[in-house]
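Visitor:
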Amino acid sequence: MNTTSASADPGKNQVNEQETYDPNHLLDSLIEKLHLKNDAALARALEVAPPVISKLRHHRLPVGASLLIQMQEISDLKIKELRALMGDHRDKFRMGGHHLKSKDA
């Protein structure tokens, strides 16, 4: 019998996050909030190529920080609200240690 808790298995949380991650809800919410017609109009509003929106919808491209910032600027929604719309409910983001090292070090 396995008595290991879910918190002891770091991969388990990752799987749960992937199951709830859905950029389609975020994209659809932005289209509705901004009164846009379709994905092409959203791509123009976000100043990205239309294939970017398609790749987001089909989970071939993650919603990155720069795109989230652009979404925030055009929608006036907070980053936390945008993340929640796509199912990302993490309290903190962690960057790998290589990002924190000084260039002089």
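According to full-length UniProt numbering, numbering within the sequence shown proceeds without interruption in unit steps and concludes at 105.
Where is the CB? At the ideal position from N, CA and C, for every residue including glycine.
Source: prediction; values computed, not measured.
Under the three-state reduction of DSSP, which class applies to P50: helix, strand or coil?
Guide: Here residue 50 refers to the residue found at position 50 of the sequence shown. Reduced to three states, the DSSP call for P50 is helix.
Visitor: Near K33, what residues of its chain come up, given a Cβ to Cβ distance below 7 Å and the 5 sequence neighbours on each side ignored?
Guide: In the sequence shown, the residue the question calls residue 33 occupies position 33. Excluding positions up to five away in sequence, the list reads S75.
Visitor: Put K78 into one of helix, strand or coil per three-state DSSP.
Guide: Translated into the one-based positions of the sequence shown, residue 78 becomes position 78. Coil.
Visitor: Can you list, in chain order, the residues of its chain whose CB lies under 7 Å from that of A45, leaving out five sequence neighbours each side?
Guide: Taking the first residue of the sequence shown as position 1, residue 45 is located at position 45. Around A45: L34, L36 and I74.
Visitor: Would a C-beta distance cut-off of 8 Å place R60 and N24 closer than the cut-off?
Guide: In the sequence shown, residue 60 corresponds to position 60, counting from 1. In the sequence shown, residue 24 corresponds to position 24, counting from 1. Contact flag unset, no.
Visitor: How many whole angstroms separate the CB atoms of P51 and A40, which I take to be in contact at a CB cut-off of 8 Å?
Guide: The residue given as residue 51 occupies position 51 in the sequence shown. The residue given as residue 40 occupies position 40 in the sequence shown. In fact, because the Cβ distance is near 11 Å, the residues do not count as touching under 8 Å.
Visitor: Should I69 go down as buried or exposed, given a rule of 16 or more other Cβ atoms within 10 Å for buried?
Guide: By 1-based counting over the sequence shown, the position of residue 69 is 69. So I69 counts as exposed.
Visitor: Quick one: using the 10 Å Cβ neighbour count with 16 as the cut-off for buried, is residue 112 buried or exposed?
Guide: For the chain, the structure presents residues 1 to 105; residue 112 sits outside this window and is missing.
Visitor: Among residues of its own chain, excluding the 5 on either side of L26, which ones have a beta-carbon nearer than 6 Å to its beta-carbon?
Guide: Within the sequence shown, numbered from 1, the residue matching residue 26 stands at position 26. For L26, where only same-chain residues beyond five positions count, the Cβ hits under 6 Å are L85 and M86.
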